[in-house]
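Asks: Here's a structure for you.
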Amino acid sequence: YAFFPGEPRWPEGHYDLTYAFNPEENITDEIRGVFARAFDRWSKVTPLTFELSTSPNSADITIGFFNGEHGDGEPFDGILGTLAHAFSPPSGRFHLDAAESWVVDDDVNKSTSLAAIDLESVAVHEIGHLLGLGHSSVEESIMYPAITTRTRKVELQSDDIMGIQYLYGANPAGNNGSSTPSSGRETSDGGGALISSS
Amino acid sequence: HFFTNVSSIPPWLNATGSNWESFHNLSGHHFGQRVDGLNRLKSYLHYFGYINGTSNFTDDFDDALKSAVETYQKNFNLNVTGSLDNHTVQQIIKPRCGVADIVNGTSAMNSGKSNATSSFLSIVAR
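Here's what the structure looks like:
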């Protein structure tokens, strides 16, 4: 696991975070459900909580689907390629490429489409960035940078859990049976790590 | 495009390839060659933090590209050959997150780990 330079994180005392969709149009209950489940996976292993807000202007995290250039200097590239990006804390910006074939509520493995991308898998990964995790070389981890089409990968692995619990500690109600976090970083670069796209 | 049923994804979406599909043509190439399209691969590697500099990349398979490919191969657990073997190209064209792997030469992925750590893990493995 890895962190952004300086190991930015949401400040202690501000662990109850809100998120909102921007813009709201075309965001169905099924899509909201996908993101709620994705946030819940991180909440189960940390003291963080996530609540849906209807006000993008005041929410800690804003989620948006965009095509091409969308104002942050990191334009999306159409079908496949770059799927999404998110910014380190406390930015809260979470952008997804609207051009992708996002599978919302079905078994993506059953798809015959070579372009089908599981929305929840990407959401879980990007939330890791929003909370302060960089990319990991552990292929099984959520924070591995690449994902193949028609693949569902949503379960946090020990590498992810150790990283996020280094930043925030464990969920005081228990870590949902996850592996025990290490007492410190396993990486040996001695510094902080990876970097966001901006 | 949102799909609640995977069978509803229209075939025309399959027909539209990724921008990165053209990297298939670079498979098998190595240091010292000049190949059309290498400038685009350099831009890709620059975007994700593997090559410093700004723009005007050439089609030369130069030292900078070889080093970037080696670092990429370390980070993605590939054989470190420095050349564009098939496994490396297959990895490069996979869909991925747009957040960079490396900035300012710093990475906590495999390439940022010390040799001491690698040696230790190797000993444990044996």
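The listed protein sequences derive, respectively, from chains A and B.
So the first sequence is residues 1 to 198, counted in this note's numbering.
So the second sequence is residues 199 to 324, counted in this note's numbering.
In this text, a Cβ means the ideal position worked out from N, Cα and C, and glycines have one as well.
Values in this document were obtained by computation on a predicted structure and should not be read as measured data.
Using CA coordinates, which residue listed in Tyr-248/B, Thr-202/B, His-228/B is at the minimum distance from Asp-29/A?
Replies: The residue labelled residue 29/A in the question sits at position 29 within the first sequence. Closest by alpha carbon: Thr-202/B.
Asks: What are the partner residues of His-95/A, as DSSP defines its beta bridges?
Replies: In the first sequence, counting from the first residue as 1, residue 95/A sits at position 95. Its beta-bridge partners are Gly-64/A, His-85/A.
Asks: Taking the CB atoms as reference points, tell me whether Ala-2/A and Ser-305/B lie closer together than 9 angstroms.
Replies: Counting from 1 along the first sequence, the entry for residue 2/A is found at position 2. Counting from 1 along the second sequence, the entry for residue 305/B is found at position 107. Cβ atoms of Ala-2/A and Ser-305/B: closer than 9 angstroms.
Asks: By a C-beta neighbour count over all protein chains shown, 10 Å radius and 16 as the cutoff for buried, is Gly-247/B buried or exposed?
Replies: As a working note, residue 247/B is residue 49 in the second sequence. Buried, since its Cβ has 16 or more Cβ neighbours within 10 Å.
Asks: Can you give me the start and stop residues for the alpha helix (DSSP H) that Thr-256/B sits inside?
Replies: Residue mapping note: residue 256/B aligns to position 58 of the second sequence, counting from 1. Premise fails: Thr-256/B is in no alpha helix (DSSP H) and is neither H nor E.
Asks: Pull out every residue of the region 202–220 of chain B whose Cβ sits closer than 7 angstroms to any Cβ of chain A, in chain order.
Replies: Listed by position, the residues of the region 202–220 of chain B near chain A (Cβ gap below 7 angstroms) are Thr-202, Asn-203, Val-204, Ile-207, Leu-211, Asn-212, Thr-214, Ser-216, Asn-217, Trp-218.
Asks: Using the C-alpha atoms, what's the distance from Leu-52/A back to Gly-177/A?
Replies: Counting from one through the first sequence, the residue named residue 177/A turns up at place 177. Counting from one through the first sequence, the residue named residue 52/A turns up at place 52. With a pLDDT of 46 at Gly-177/A, under the threshold of 50, the modelled position of that residue is not reliable, and the figure given next carries that caveat. So the alpha carbons of these two residues sit roughly 26 angstroms apart.
Asks: By how many angstroms is the C-alpha of His-95/A removed from the C-alpha of Ile-63/A?
Replies: Within the first sequence, the letter at position 63 stands for residue 63/A. Within the first sequence, the letter at position 95 stands for residue 95/A. Roughly 6 angstroms between the two C-alpha positions.
Asks: What residues of chain A sit near His-199/B, judged by a beta carbon separation below 8 angstroms?
Replies: Counting from 1 along the second sequence, the entry for residue 199/B is found at position 1. Ala-98, Ala-99, Glu-100, Ser-101, Trp-102, listed in chain order.
Asks: If the cut is a Cβ gap below 9 angstroms, which residues of chain B does Thr-62/A touch?
Replies: In the first sequence, residue 62/A corresponds to position 62, counting from 1. Simply none; closest approach about 17 angstroms.
Asks: Got a sec: which bits of the region 283–298 of chain B sit with their beta carbon under 8 angstroms from any beta carbon on chain A, in order along the chain?
Replies: Those residues of the region 283–298 of chain B that come within reach of chain A (Cβ to Cβ, closer than 8 angstroms) are Gln-289, Lys-292, Pro-293, Arg-294, Cys-295, Gly-296, Val-297, Ala-298.
Asks: Jot down the residue ranges of each uninterrupted alpha helix (DSSP H) in the region 114–139 of chain A, minimum 4 residues, whole runs only, in chain order.
Replies: If we require 4 residues or more, the alpha helix (DSSP H) runs fully inside the region 114–139 of chain A come out as 119–131.
Asks: Which residues share a DSSP beta bridge with Glu-51/A?
Replies: Reading the first sequence from its first residue, position 51 is the one you call residue 51/A. Glu-51/A pairs with Thr-18/A.
Asks: Helix, strand or coil: which one does DSSP assign to Phe-200/B?
Replies: Within the second sequence, the letter at position 2 stands for residue 200/B. Looking at Phe-200/B - three-state DSSP - the assignment turns out to be strand.
Asks: Once DSSP output is grouped into helix, strand and coil, what is the label at Val-267/B?
Replies: Mapped onto the second sequence, residue 267/B falls at position 69. Helix at Val-267/B.
Asks: Any Cβ of chain A within less than 9 angstroms of the Cβ of Ser-265/B?
Replies: Sequence index remark: in the second sequence, residue 265/B carries index 67 (1-based). It does not; no Cβ of chain A falls within 9 angstroms.
Asks: Decide yes or no for the touch test of the region 146–155 of chain A against the region 104–120 of chain A: beta carbon pairs closer than 8 angstroms, at least 3 of them.
Replies: At 8 angstroms Cβ cutoff, the stretches touch.
Asks: Pop quiz: Phe-65/A and Ala-98/A are said to be a contact at Cβ under 8 angstroms. What is the actual Cβ separation, rounded to whole angstroms?
Replies: Against the first sequence, residue 65/A aligns to sequence position 65. Against the first sequence, residue 98/A aligns to sequence position 98. Going by Cβ atoms, the distance from Phe-65/A to Ala-98/A rounds to 4 angstroms, so yes, they are a contact pair.
Asks: Short of 7 angstroms Cβ to Cβ, which residues in the region 24–46 of chain A face chain B?
Replies: Residues Glu-30, Ile-31.
Asks: Along chain B, which residues have their Cβ under 9 angstroms away from the Cβ of Ile-147/A?
Replies: Translated into the one-based positions of the first sequence, residue 147/A becomes position 147. Those within 9 angstroms of Ile-147/A in chain B are Lys-292, Pro-293, Arg-294, Cys-295.
Asks: For chain A, check one thing: does any of its Cβ atoms lie closer than 9 angstroms to the Cβ of Ala-306/B?
Replies: Against the second sequence, residue 306/B aligns to sequence position 108. Closer than 9 angstroms: yes.
Asks: So Phe-39/A and Tyr-19/A are in contact, right, with Cβ under 8 angstroms, and what is the actual spacing, rounded?
Replies: Translated into the one-based positions of the first sequence, residue 39/A becomes position 39. Translated into the one-based positions of the first sequence, residue 19/A becomes position 19. Contact flag correct, Cβ pair sits at about 7 angstroms.
Asks: For Phe-76/A, which option in Leu-282/B, Thr-252/B, Asn-217/B has the closest C-alpha, if you only look at C-alpha atoms?
Replies: Residue 76/A sits at position 76 when you count from the first residue of the first sequence. Nearest option by C-alpha distance: Asn-217/B.
Asks: Asp-257/B: which of Asp-234/B, Asp-283/B, Ser-220/B, Asn-223/B sits nearest, CA to CA?
Replies: Position 59 of the second sequence holds residue 257/B. Answer by Cα proximity: Asp-234/B.
Asks: Hey, could you find the ends of the alpha helix (DSSP H) Val-287/B is sitting in?
Replies: For the purposes of this step, residue 287/B is taken as residue 89 along the second sequence, with counting starting at 1. Val-287/B -> alpha helix (DSSP H) spans 284–290.
Asks: Check this for me: beta carbons of Thr-286/B and Thr-279/B, under 9 angstroms apart or not?
Replies: The residue labelled residue 286/B in the question sits at position 88 within the second sequence. The residue labelled residue 279/B in the question sits at position 81 within the second sequence. Cβ atoms of Thr-286/B and Thr-279/B: closer than 9 angstroms.
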